[in-house]
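Peer 1: Residue numbers (this note's numbering), protein chains in the order written: chain A, 1 to 149; chain B, 1 to 717.
Where a beta carbon is used, it is the ideal one built from N, C-alpha and C, also for glycine.
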Amino acid sequence: MAVLTINGKKYDAAVDPETPLLWVLRDALGLTGTKYGCGIAQCGACTVHIDGVPTRSCAVPLEAVGDGKITTIEGLAANGMLHKVQKAWLDNDVPQCGYCQSGMIMAAAALLAEKPNPTDDDIDAAMTNICRCGTYQQVRAAIHAAARA
Amino acid sequence: MTAIASMDRRSFLVSAAAGGLSLGFGIPAGTAQVAGAVREINAWVVVHPDDRVVIRIARSEMGQGTLTGLAQLVAEELECDWSKVSTEFPTPGQNVARNRVWRNFSTGGSRGIRESHEYVRQGGAAARTMLVAAAAKRWNVPAGECTAANSVIRHAPSGRTLAYGAVAAEAAQLEAPAAVVLKDIKDWKIAGKGVKRLDTAEKLNGSLVYGLDLRLPNMLTATIRQCPVAGGKLKSFAGAKVAGMPGVRKVVAVDGNAVAVVADSYWQAHKAIEALPVDWDLGPGAKTSSATIDAMLKEGLTAENAFVGTRIGDAKTALAGAAKTVEAVYSYPYQNHAPMEPMNATALYTADRCEVWAPTQNGESALAAAAEAAELPVAKCDVHKMMLGGGFGRRGRSDYVRQAVLIAKQVPGVPVKLVWSREEDMMHCAFHPVTQCKLTGGFDAAGNLTGLHMRISGQSILASLAPQNMQNGMDPVVFQGLNAGGTEGQFGYDIPNLLVDHAMRNPHVLAGFWRGVNLNHNAIYVECFMDELARAAGIDPLEFRRRYLKPKHRAVLEAAAAGAGYGKAAPGVHHGLAQIMGFGSYVAACAEVSVTGGKLKIHRIVAATDPGVVVNPAQVERQVSGSFVYGLSAALHGECTVKDGVIEQTNFDTYPVLRMDEMPKVETILVPSGGFWGGVGEPTIGVAAPAVLNAIFAATGKRIRSLPVSKHDLRTV
Ligand code: FES
Ligand code: FES
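Spelled out as structure tokens, the structure:
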């Protein structure tokens, strides 16, 4: 049985070690904030942080996680305070259907951790998540707003 | 946002987690709560003692913001405190039980607000009237001496006030007023304003439960494989080969054309269905390829027989006598909706009841589909509408709901969540139809455009999905944006002789309503060809269009052109224009592009919209910029091709869509002219492609007449 550290808590996952982390989170552990969009690392809906690195969890088998510390969208807010990316998303009314937004927010949080003042080109390079509703313009504005916050 | 269903479900899940409840009907999402709600003033409005207001929303929310817009309209007439408003979805079963008090649940065609604004406002106004009457009764004063604002009723002569919550119970006992007078739009305080959406907070922390996220006690998960060729059948499958795989509970046939694995978890079901040997009878569709479809449509361009959609004057005679004619053939490929949340539905079936949880654009047809599949009366079924991870027309169909029920029937008493893989989703959509169009325009000796013939050849959506709505074999929806008049989508140009006809050619691939529908290709055909005609006449495309455009069409085009500084583009940057009317609104765009060394960059798009009345400008702006993402995804990259009857694109690697790095800056100009209510979720998609294609022509002199752009030696990244 694998023991995972997710959002600072330990979880036991009694599943086939080849199961993608995405499905371990969603089905075995009930953390459904991380979304399934494509299953082939194309869309970014399943983005989580492993040791701070934005990672497409559909392409990471459970056995490859090791003792990496996982953060999911459920654990981004700390001590009841929204992360500055979530706050900027709220202020800029970013989501439409919202389905891609867990992944967008996780990718944006990782970008800002690495580059506190990203340029538009930095945003283009880091934010490769797909949004079919087309929130890109609001996502960009919110990342800049979060950088200023 | 709190869906009635999800509210109940959540408290259920909490208690289930705490105490291991046994599963029974009525527990997961009891259906009677709305009907019996204590503080219900009327079907639309619930007021709690602490002044919280719950507004009922019949239409589905899939990101388009209708939920917030409809709530604004009700709240405006209710004169309530907007900060105290939340919303809930009644179920389709409740609607049936209450004689369709919430009317139409169907959410498509950009109709959510434009079709229901009047009766939802009347619902808000009636509730306000009852709250005021209850206060007046308590004070024993004439209701006419009382006013309401911000959830407080005031009796000016005595200075007394009462909050809505204090009189809600009494108001609920009163008769509904026979008639109400709606506010003048110029007096709006909540509607018409760019207030924030009501459903954002839960989308930021992963707590919103989409259909795919639903978890019920003892739930199993199924995944499906459908015959790869539309119209084909399931011959046989070797279920025993995968029955022993981890977590697999059952392998079942579905509807004679699909097979499903039911397992403890999605990944187990997925692994088993991948390993499952299946034999298909592919049917006649297997002989079809993109090339045969192309040939079939080409034949239609010059076929003798065609349905006439629009006829003004005599275009054929005018063209025969024209001093100069221009001709071009355009085409538009299949597109996939590809909402981010793949198709899914959860069903719980027993011999005398069937409950479904589904992200659906049409709760009532989902209920009908569930009842039919369950072979139970509608009264013994219900559908709990989940928030949609995108819809775009795909979730107006109930194929996945039917399948979920058919699977659940084979494991009675256990809830089963059917999850389509992205690959199934990509291969089994009802696709944006394929069409081609031959356009012929004629000028007289003085250079006036005197005749235009548009021959559309290709697929009919109604023939695929709703043949009962066809008119003597004709599909009137084909002529979206090309109608001779009317309030839905009239042809924008006054040309003395106009003929638009349709040679219907239906390949075996299912066609469906794809956000923007037939307006998407019709706008390309008209607006790119207008550009061609302008060039042929040696006149600037804006000036040429202005000569023929009807006033409201011209106004939006001029607004977009002025906003973009049309005609004053910086060196190396080029402008392209387009306008169209669809879904009751007038829209136009001016695209600004550059092409250097085979690389296309779309810098900026200025879009103008006249939807008559604007309910929430901030959300309209988001629909407009999102429409360019959807429309340009298709124009730049999107194409579903057919080989041996099978759709070849199976995921986002082969069906690429627009991402952040290709997103142009979109500036939205709203020019509501009043007096009508148009839709905003779809019309703008129509102008996205032609504005860009015309700008590419301005930049390169190269006329692109088939999509996607990526086929034409132009890179975008
Ligand atoms: S689901 Fe993982 S990238 Fe799409
Ligand atoms: S908000 Fe709907 S897919 Fe991004």
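1) Return yes when at least one heavy atom of ligand 1 lies under 8 Å from the C-beta of Y210/B, else no.
2) Residues of chain A with CB under 9 Å from K552/B, in chain order?
3) Which residues mark the beginning and the end of the beta strand (DSSP E) in which I696/B is found?
4) Taking C-alpha atoms, which residue in A503/B, G447/B, S158/B, G563/B lies nearest to E304/B?
5) Compute every distance between the C-beta of G44/A and the non-hydrogen atoms of ligand 1, then say whether any falls below 8 Å.
6) Which partner residues does S457/B have in the DSSP bridge list?
7) Got a sec, what are the start and stop residues for the beta strand (DSSP E) S594/B sits in?
8) Hey, which residues come within less than 6 Å of ligand 2, measuring from Cβ to any heavy atom, in chain order?
9) On the DSSP bridge assignment, give the partners of F443/B in chain order.
10) Determine the contact status of F697/B and R547/B, defining contact as a CB-CB distance below 9 Å.
11) For Q436/B versus S457/B, is the C-beta distance shorter than 9 Å?
12) On the DSSP letters alone, give me the boundaries of the alpha helix (DSSP H) that L510/B sits inside.
13) Count the other CB atoms within 10 Å of the CB of G108/B; is the residue buried (16 or more) or exposed (fewer)?
14) Taking only the alpha-carbon atoms, compute the straight-line gap between A523/B and V517/B and give it to the nearest angstrom.
15) Among Q122/B, M386/B, P342/B, which has the Cα closest to the Cα of P92/B?
16) S207/B and G33/A: beta carbons closer than 9 Å?
17) Residues bridged to S365/B by DSSP?
18) Where do the ends of the beta strand (DSSP E) carrying T152/A lie?
19) I need the straight-line Cα distance from A125/B to K711/B, nearest angstrom please.
20) Bridge partners of E40/B, per DSSP?
21) May I ask whether a heavy atom of ligand 3 can be found less than 8 Å away from the beta carbon of Y36/A?
22) Quick one: what does DSSP say Y566/B is sitting in, helix, strand or coil?
23) Any beta carbon of chain A sitting closer than 9 Å to that of Q72/B?
24) Between the segment 630 to 639 of chain B and the segment 568 to 582 of chain B, are three or more C-beta pairs nearer than 8 Å?
25) Can you find a C-beta in chain B that's less than 9 Å from the C-beta of I70/A?
26) Return helix, strand or coil for K233/B, following the three-state DSSP convention.
27) Helix, strand or coil for E424/B per DSSP?
28) In chain order, what residues of the same chain have a beta carbon less than 7 Å from the beta carbon of W44/B, not counting five sequence neighbours either side?
29) Since G718/B contacts L482/B with CB under 8 Å, what's their CB separation in whole angstroms?
30) In its own chain, which residues sit with a C-beta less than 7 Å from the C-beta of L557/B, not counting the 5 before and 5 after it?
31) Is the shortest distance between the beta-carbon of S57/A and the beta-carbons of chain B less than 9 Å?
32) To the nearest angstrom, how far is it from the Cα of L22/A to the Cα of P656/B?
33) Quick one, which residues of the segment 630 to 664 of chain B are near chain A if we go by CB-CB under 7 Å, in chain order?
34) Please confirm whether Y136/A has its beta-carbon closer than 9 Å to some beta-carbon of chain B.
35) Quick check on this structure: which residue in H48/B, M340/B, D531/B, A97/B has the alpha carbon closest to the alpha carbon of C43/A?
36) Specify whether the segment 35 to 51 of chain A and the segment 96 to 107 of chain A touch according to this definition: at least 3 beta carbon pairs, one from each stretch, less than 8 Å apart.
Peer 2: Judging by the given coordinates:
1) Mapped onto the second sequence, residue 210/B falls at position 210. Incorrect: Y210/B has no Cβ contact closer than 8 Å to ligand 1.
2) Indexing the second sequence from 1 puts residue 552/B at position 552. The contacting residues do not exist; K552/B stays about 26 Å from chain A at best.
3) Position 696 of the second sequence, counting from 1, holds the residue named residue 696/B. Careful: I696/B lies outside any beta strand (DSSP E), inside the alpha helix (DSSP H) at 683 to 700.
4) The count along the second sequence starts at 1 and reaches residue 304/B at position 304. For the residues A503/B, G447/B, S158/B, G563/B, the minimum Cα distance to E304/B belongs to A503/B.
5) In the first sequence, residue 44/A corresponds to position 44, counting from 1. It does: the Cβ of G44/A is within 8 Å (strictly closer) of some heavy atom of ligand 1.
6) For the purposes of this step, residue 457/B is taken as residue 457 along the second sequence, with counting starting at 1. According to DSSP, S457/B bridges with Q436/B, A503/B.
7) The sequence position of residue 594/B within the second sequence is 594, counting from 1. Segment 585 to 596, the beta strand (DSSP E) holding S594/B.
8) P95/A, Q96/A, C97/A, G98/A, Y99/A, C100/A, Q101/A, C131/A, R132/A, C133/A, T135/A, G63/B, M340/B, G390/B
9) If you number the second sequence from 1, residue 443/B lands on position 443. Bridge partners of F443/B: K324/B, L449/B.
10) Numbered from 1 along the second sequence, position 697 holds the residue referred to as residue 697/B. Numbered from 1 along the second sequence, position 547 holds the residue referred to as residue 547/B. Not in contact: F697/B and R547/B (Cβ atoms no closer than 9 Å).
11) Here residue 436/B corresponds to residue number 436 of the second sequence, with the count starting at 1. Here residue 457/B corresponds to residue number 457 of the second sequence, with the count starting at 1. The answer is yes: Cβ separation under 9 Å.
12) Stepping through the second sequence from its first residue, residue 510/B is reached at position 510. No alpha helix (DSSP H) contains L510/B, which DSSP labels as neither H nor E.
13) Within the second sequence, residue 108/B is the residue found at index 108, counting from 1. Classification for G108/B: buried.
14) Looking up residue 523/B in the second sequence gives position 523. Looking up residue 517/B in the second sequence gives position 517. Those two C-alpha atoms are separated by around 11 Å.
15) Within the second sequence, the letter at position 92 stands for residue 92/B. It is M386/B whose Cα lies nearest to the Cα of P92/B.
16) Within the second sequence, residue 207/B is the residue found at index 207, counting from 1. Within the first sequence, residue 33/A is the residue found at index 33, counting from 1. Yes, they are a contact pair.
17) Here residue 365/B refers to the residue found at position 365 of the second sequence. Its beta-bridge partners do not exist; DSSP assigns none.
18) A question about residue 152/A goes unanswered here, because the residues of chain A that appear run from 1 up to 149.
19) In the second sequence, counting from the first residue as 1, residue 125/B sits at position 125. In the second sequence, counting from the first residue as 1, residue 711/B sits at position 711. Roughly 55 Å separates the two Cα atoms.
20) For the purposes of this step, residue 40/B is taken as the residue at position 40 of the second sequence. Partner(s): V46/B.
21) Ligand 3 is not part of this structure, which contains only ligand 1 and ligand 2.
22) Here residue 566/B refers to the residue found at position 566 of the second sequence. Reduced to three states, the DSSP call for Y566/B is coil.
23) Along the second sequence, read from residue 1 onward, the residue named residue 72/B stands at position 72. So no, Q72/B is outside the interface.
24) no
25) On the first sequence, residue 70/A is found 70 positions in, with the first residue counted as 1. I70/A does not count as touching chain B.
26) Against the second sequence, residue 233/B aligns to sequence position 233. Here K233/B sits in strand by DSSP.
27) Here residue 424/B corresponds to residue number 424 of the second sequence, with the count starting at 1. Three-state result, E424/B: helix.
28) Taking the second sequence and counting its residues from 1, one reaches residue 44/B at position 44. The answer, listed in chain order, is I55, R56, V74, V120, G123, G124, A127.
29) No answer is possible for residue 718/B: the residues shown for chain B start at 1 and end at 717.
30) The residue you call residue 557/B lines up with position 557 of the second sequence. Result list for L557/B: R545, L549, L577, Q579, A588, in chain order.
31) The sequence position of residue 57/A within the first sequence is 57, counting from 1. No, S57/A does not count as interfacial toward chain B.
32) Looking up residue 22/A in the first sequence gives position 22. Looking up residue 656/B in the second sequence gives position 656. Going by the C-alpha atoms only, they are around 22 Å apart.
33) Y630, N651, F652, D653, V657, R659, M660, D661, M663
34) For the purposes of this step, residue 136/A is taken as the residue at position 136 of the first sequence. Chain B, which has a Cβ nearer than 9 Å to the Cβ of Y136/A, makes this yes.
35) For the purposes of this step, residue 43/A is taken as residue 43 along the first sequence, with counting starting at 1. Closest by alpha carbon: M340/B.
36) yes
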